[in-house]
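Asks: In the working numbering, the protein residues as written are 500 to 790. Cβ atoms here follow ideal geometry from the backbone N, Cα and C, with glycine treated the same way.
(1) Within a Cβ cutoff of 8 angstroms, which residues of the same chain sit near residue 701, ignoring the five residues on either side of it in sequence?
(2) Taking 7 angstroms as the limit between beta carbons, can you name the residues of its chain near residue 680, skipping five residues before and five after?
(3) Measuring CB atoms only, is the segment 585–595 touching the segment 667–674, in the sense that at least three cross pairs come out at less than 8 angstroms?
(4) Mind reading off the beta-carbon distance from residue 695 to residue 720? Whole number of angstroms is fine, and I expect it under 8 angstroms.
(5) Use the C-beta contact count for residue 603: other C-beta atoms within 10 angstroms, 16 or more gives buried, fewer gives exposed.
(6) Got a sec? Which residues, its chain only, sit under 6 angstroms from residue 752 by beta carbon, not counting five neighbours each side?
(7) For the segment 708–773, list the beta strand (DSSP E) runs that are entirely contained and at least 3 residues long, ordered along the chain.
(8) Tell me whether residue 631 is buried or exposed, calling it buried when 16 or more other Cβ atoms sit within 10 Å of its Cβ.
(9) Quick one, are the C-beta atoms of residue 766 and residue 569 less than 8 angstroms apart?
(10) Do you know whose CA, among 663, 513, 768, lies nearest residue 741's CA?
(11) DSSP three-state call for residue 795: helix, strand or coil?
(12) Any idea if residue 669 is buried or exposed, counting beta-carbon neighbours within 10 angstroms, 16 or more meaning buried?
(13) Assuming contact is defined by CB atoms lying nearer than 8 angstroms, are residue 610 and residue 559 in contact in what I supplied?
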């Protein structure tokens, strides 16, 4: 691939609409302390799995970004819709961001490296700087495959619609309490889980592979993020559909892909081998590999 323009993500200033939106979302979620119900908690946990595992982990990340496995289009679209429920943006922007992260991981051009501070890697890059939602022309080339699909283009523009549908269903089923827990609490929790992959999993944990970045295998991030915390494994072999490569590395997202394969709904699954000793993986990850 030709040399890419490196975007300076730290020159944009506060993204005030996003900042206000997130402050309001966090404030509403905090009121759940005074409105606890077991039903609301159950809804939140279920949708945390739907949006976080089926949607972000299996759909946005391992399928759309890295093409670690193949599925029928209707499964791909279903997983992508689940991903929109995390309110982390539409599929094209999310995939472009993550592919750029792998291309420049912990180097100049990485949208969210802890080398610019833990806060920046966790959420500062969203509240400040240039997010990909404001750099559409400069970053569209990183998700050309998705930009050719009318469904992904439409869903990227209207990614908030599935959330509104779910909110309406929750309100009809359990009133405001279900909306509070199933949308606000669940989304805020999931945001921070995803951001811990960018921050904590590049700071704390072990390194099975010697990679050119600071990626780590972090067990507690893996538990919260359905397996995404085995981040050093992932950065060493980005296209692999399984991140937890030994029995004690719990990887819920992989279990979901495995189930799909047994049902005949996932094929051409890409896997990594367990190294007998620490391996060095220093070569940059080309964008073409992900696409």
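Replies: Let's see:
(1) Start at 1 with the first residue of the chain shown, and residue 701 comes out as number 202. Once the five neighbours on either side are set aside, the close Cβ partners of residue 701 are 605, 612, 613, 620, 712, 713, 714, 715, 730.
(2) Looking up residue 680 in the chain shown gives position 181. Here the set comprises 531, 539, 540, 542, 543.
(3) No, the segment 585–595 does not touch the segment 667–674.
(4) On the chain shown, position 196 is the one that residue 695 refers to. On the chain shown, position 221 is the one that residue 720 refers to. Residue 695 to residue 720, Cβ: 5 angstroms. Contact.
(5) On the chain shown, position 104 is the one that residue 603 refers to. Buried, by the Cβ-count rule.
(6) Position 253 of the chain shown, counted from the start, is the residue given in the question as residue 752. These residues qualify, in order along the chain: 552, 556, 557, 725, 726.
(7) 708–710
(8) Numbered from 1 along the chain shown, position 132 holds the residue referred to as residue 631. In this prediction, residue 631 scores a pLDDT of 49, lower than 50, which makes its location untrustworthy; the coordinate-derived value is nonetheless stated afterwards. The residue is buried, with at least 16 neighbouring Cβ atoms inside 10 Å.
(9) In the chain shown, residue 766 corresponds to position 267, counting from 1. In the chain shown, residue 569 corresponds to position 70, counting from 1. A contact, by the Cβ cut-off of 8 angstroms.
(10) As a position in the chain shown, residue 741 is number 242, starting the count at 1. Closest option to residue 741, Cα to Cα, is 768.
(11) Past the edges of the chain, shown from 500 to 790, lies residue 795, and the structure says nothing about it.
(12) Mapped onto the chain shown, residue 669 falls at position 170. With 16 or more other Cβ atoms within 10 Å, it is buried.
(13) As a first step, residue 610 is located in the chain shown; it is residue number 111 there, counting from the start. As a first step, residue 559 is located in the chain shown; it is residue number 60 there, counting from the start. In this structure, residue 559 does not lie closer than 8 angstroms to residue 610 by Cβ.
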